[in-house]
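A.B. asks:
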Amino acid sequence: MITVHHLENSRSLRILWLLEELGADFQVKTYKRNPKTNLAPEDYKALHPLGKAPVVTDGDITLAETGAIVEYFLDKFPNSTLRPHIGTPERIPYQYWMHASEGSLMSLLVLGLFLTRMETAPPFPIKQAVQIVTKKIRGFYHTPSLTSMYEYMNAELSQRTWFAGATLTGADIMMSYPVEAAAGRAGLDDRYPNILAWLERVQALPAYQRAVETGGALEAM
Ligand SMILES: N[C@@H](CCC(=O)N[C@@H](CS)C(=O)NCC(=O)O)C(=O)O
């Protein structure tokens, strides 16, 4: 039996959505974040050496890392249309967005989250000094990198309905979490209408809605 160990308000929502799209038979075990630290609870940490969501078990196999889990299930359901065949034009953007989701976009969003925490958390005597540093990091690296990424995504989505082409693929599932996070807290607004229209298409999909019913909607952190 496939078990999705779902951490509330986390990347594991993508796996619930994937399995709904695949029509897989699975069960869900839900875990709450530590209310003080927002980290996964101890019983989640026991599932895998890194203890990061998502973790999925399939019989004796324990899986972690969203992209690897998506590929595992696309191997297990080879007739699904969620992965373009090797050699097709759609395969190139599929692979790019599968990896860019966590590798490029999500890493910028996590950096932004920590910059914001650094700006707001320190006590008065050091707050101003910290803010001078974070402003520099935002100015020379973070804001231009994130803006380029949003512009690139918006341009790509002016040419196609989904990230890899005319049909939904695993790349869209991978991109859903960072796009929702970006729209919630990281300046992804109506300057990028094609991305927002894509997000509306995602949220209208019955399988996505079933995943949200099971796992809860994502909330901005
Ligand atoms: N690149 C990893 C990131 C995993 C990750 O950081 N997951 C977050 C949830 S969105 C987590 O487990 N946070 C709680 C914690 O670090 O304890 C993946 O996509 O699986």
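Heads up, the sequence shown is in the working numbering, so the first residue is 58 and it goes up one at a time.
Ideal Cβ positions, reconstructed from N, Cα and C, are used throughout, including at glycine.
#1: Kindly indicate the opening and closing residues of the alpha helix (DSSP H) around Y153.
#2: Any chance the region 238-254 sits against the region 200-211, with 3 or more Cβ pairs inside 8 Å?
#3: To the nearest angstrom, report how far apart P141 and P182 are at their CA atoms.
#4: Quick check: what's the CA-CA separation for A103 versus F83?
#5: Rounding to the nearest angstrom, what Cα-Cα distance links L172 and M163 in this structure?
#6: Just to check my reading of the structure: G241 and L70 have Cβ atoms closer than 8 Å, yes? What is that Cβ distance to the nearest angstrom?
#7: Got a sec: does ligand 1 put a non-hydrogen atom nearer than 7 Å to the Cβ of S202?
#8: With 16 as the cutoff for other CB atoms within 10 Å, does K109 come out buried or exposed?
#9: Which residues in the same chain have their Cβ closer than 7 Å to the Cβ of E276, if we skip the five residues on either side of it in sequence?
#10: So what does DSSP say about I230, is it helix, strand or coil?
#11: Helix, strand or coil, according to DSSP, for L118 in the structure here?
C.D. replies: Looking at the coordinates:
#1: Going by DSSP, Y153 is part of the alpha helix (DSSP H) stretching over R148 to A157.
#2: Taking a cut-off of 8 Å on C-beta distances, the region 238-254 touches the region 200-211, as three or more cross pairs fall below it.
#3: Whole-angstrom Cα-Cα distance: 55 Å.
#4: Taking the straight line from one Cα to the other gives about 21 Å.
#5: Answer to the nearest angstrom: the Cα atoms are 14 Å apart.
#6: So it is not a contact: roughly 13 Å between Cβ atoms.
#7: No, Cβ of S202 sits at least 7 Å from all heavy atoms of ligand 1.
#8: Label assigned to K109: buried.
#9: Here the set comprises N66.
#10: Note: I230 maps to helix in three-state DSSP.
#11: Looking at the sequence itself, residue 118 is Ile, so the reference to Leu does not match. Under the three-state reduction of DSSP, I118 is assigned to strand.
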